[in-house]
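A.B. asks: Each residue of the sequence shown is one higher than the last, beginning at 653 in our numbering.
I am attaching a structure below and will ask some questions about it afterwards.
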Amino acid sequence: MESRVSTTTLVEEYDSDAPPDYLASISEKDKKELISSDAHSIASDTTLNDPGHGFKAAKSLTVSAKGISAIRLPTPSSQLTIDIFNSDGSLAYRSTRANRCSGNSLLSDSHGRPALATEYFFGPNRDPVIHILDENSVEIADTKTVSRWTSRSHTFLLPDGREFTWKYVKERLFAGDAKKVTSLVLTCGEKRLAVLRRDSETRTPGTKACTAGNGGELLLSEEVGSKEGVSEEVVVATCLLMLKKEIDRRRAIQAFMVMSVASS
653 MESRVSTTTL VEEYDSDAPP DYLASISEKD KKELISSDAH SIASDTTLND PGHGFKAAKS
713 LTVSAKGISA IRLPTPSSQL TIDIFNSDGS LAYRSTRANR CSGNSLLSDS HGRPALATEY
773 FFGPNRDPVI HILDENSVEI ADTKTVSRWT SRSHTFLLPD GREFTWKYVK ERLFAGDAKK
833 VTSLVLTCGE KRLAVLRRDS ETRTPGTKAC TAGNGGELLL SEEVGSKEGV SEEVVVATCL
893 LMLKKEIDRR RAIQAFMVMS VASS
């Protein structure tokens, strides 16, 4: 039986947000996959609320992540706290990091009670782990990603053996829209569970379409939080992990550019 670990240890012990200089040693294959995955999305002729997806938003949250811009040095994000709000503006969750150089984070509820801790890694053989914290249990249940670290889409394995996937889908939000936008979509099999909208109306104020890791409106289906579905806390935590990976893919590309200039 795994012994319980303090939330302070999970968030602060690991200085896991490795500086981008280690990227100089990765393989050319991984480098090419990182660069190509930064822009890859699955094209779709459907709309956000297409009946074929079986998706109907039952709840919405606002994720206030600021992300990073395209033109900058490959330094870590300075945002240490990301607030997630209910539709009425009240606080639902808060994600905190101990410092800029740590990728680890702690997700707490509106009362400050720890719900999940993310032990974050970025790089080959460095898979992130989400620890599901339960005050009534002496064990820590883990949710892990089972995808390649260079992949843009990521599949997560729940403690009960079920899998779900976050992927990027480019589609029209509503029938009649002339332009397609890219949304971050959570699926279990062919069924949609959640969608992060980041169009001009919903993305975090002050951010742009080219911003990496910015937030928006997180739409949740009625299955989220149900006995047969995925918990709301896990959906939020894995969504934030996907945004963190967006930032680190962008930082990797920025680091490649710096290294290219330095070697010329």
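Ideal Cβ placement from N, Cα and C applies to all residues, glycine included.
Because the structure is a prediction, the values reported are computed rather than measured.
Between residue 733 and the rest of its own chain, which residues show a CB-CB distance below 6 Å, the 5 nearest in sequence each way excluded?
C.D. replies: Counting only Cβ-Cβ distances below 6 Å, and skipping sequence neighbours, we find 748.
A.B. asks: According to DSSP, which residues form a beta bridge with residue 900?
C.D. replies: DSSP, once it has assigned bridges, lists no residue as partnering residue 900.
A.B. asks: Among all the DSSP beta bridges, which residues are the ones paired with residue 840?
C.D. replies: Answer is 843.
A.B. asks: Within a Cβ cutoff of 6 Å, which residues of the same chain sit near residue 641, ignoring the five residues on either side of it in sequence?
C.D. replies: The displayed coordinates of the chain run from 653 to 916. Any statement about residue 641 would go beyond what the structure contains.
A.B. asks: Where residue 925 and residue 779 are concerned, what is the direct C-alpha to C-alpha distance, given to the nearest angstrom?
C.D. replies: No information on residue 925 is available, as it lies outside the stretch 653 to 916 that the chain covers here.
A.B. asks: Can you give me the C-alpha to C-alpha distance between residue 686 and residue 802, rounded to a whole angstrom?
C.D. replies: Going by the C-alpha atoms only, they are around 5 Å apart.
A.B. asks: Between residue 785 and residue 889, which are expected to be in contact by the criterion C-beta below 8 Å, what is the C-beta distance as a whole number of angstroms?
C.D. replies: So it is not a contact: roughly 11 Å between Cβ atoms.
A.B. asks: Does the distance from the C-beta atom of residue 707 to that of residue 844 stay below 7 Å?
C.D. replies: Yes.
A.B. asks: For the pair the region 874–889 and the region 847–863, tell me if three or more CB-CB distances fall below 8 Å.
C.D. replies: These segments do not touch.
A.B. asks: Starting from residue 736, trace the beta strand (DSSP E) in both directions and tell me its first and last residue.
C.D. replies: 733–738 is the span of the beta strand (DSSP E), which, as asked, contains residue 736.
A.B. asks: Alpha carbon to alpha carbon, how far is residue 859 from residue 903?
C.D. replies: Cα to Cα, the separation comes out at about 17 Å.
A.B. asks: Helix, strand or coil: which one does DSSP assign to residue 856?
C.D. replies: Three-state DSSP puts residue 856 in coil, outside helix and strand.
A.B. asks: From the DSSP output, read off the bridge partner residues of residue 783.
C.D. replies: According to DSSP, which records beta bridges pairwise, residue 783 is partnered with 769 and 794.
A.B. asks: Using the Cβ count rule (16 or more neighbours within 10 Å means buried), how would you classify residue 790?
C.D. replies: Legend: pLDDT at residue 790 = 45, less than 50; position of this residue unreliable, value from coordinates given subsequently. With fewer than 16 Cβ atoms within 10 Å of its Cβ, residue 790 is classed as exposed.
A.B. asks: Indicate the three-state DSSP secondary structure (helix, strand or coil) for residue 710 in the structure shown.
C.D. replies: Strand, per DSSP.
A.B. asks: Should residue 900 go down as buried or exposed, given a rule of 16 or more other Cβ atoms within 10 Å for buried?
C.D. replies: Classification of residue 900: buried, given that the 10 Å Cβ count is 16 or more.
A.B. asks: For residue 727, which of helix, strand or coil comes out of DSSP?
C.D. replies: In the structure shown, residue 727 sits in coil (DSSP, three-state: anything other than H, G, I, E or B).
A.B. asks: Measure the beta-carbon distance from residue 807 to residue 717 and round it to whole angstroms, keeping in mind my assumption that it falls under 8 Å.
C.D. replies: That pair is no contact at about 22 Å.
A.B. asks: For residue 895, count neighbouring Cβ atoms within 10 angstroms of its own Cβ and tell me buried if that reaches 16, exposed if not.
C.D. replies: With 16 or more other Cβ atoms within 10 Å, it is buried.
A.B. asks: Is the beta carbon of residue 842 closer than 7 Å to that of residue 710?
C.D. replies: The answer is no: Cβ separation not under 7 Å.
A.B. asks: At which residues does the beta strand (DSSP E) containing residue 866 begin and terminate?
C.D. replies: Its beta strand (DSSP E) spans residues 864–866.
A.B. asks: Do the CB positions of residue 817 and residue 795 come within less than 7 Å of each other?
C.D. replies: Result no, Cβ atoms of residue 817 and residue 795 do not sit closer than 7 Å.
A.B. asks: Could you tell me whether the Cβ atoms of residue 760 and residue 739 are closer together than 7 Å?
C.D. replies: No; because the gap between Cβ atoms is not below 7 Å, this pair is not in contact.
A.B. asks: Within a Cβ cutoff of 7 Å, which residues of the same chain sit near residue 678, ignoring the five residues on either side of it in sequence?
C.D. replies: Contacts found: 776.
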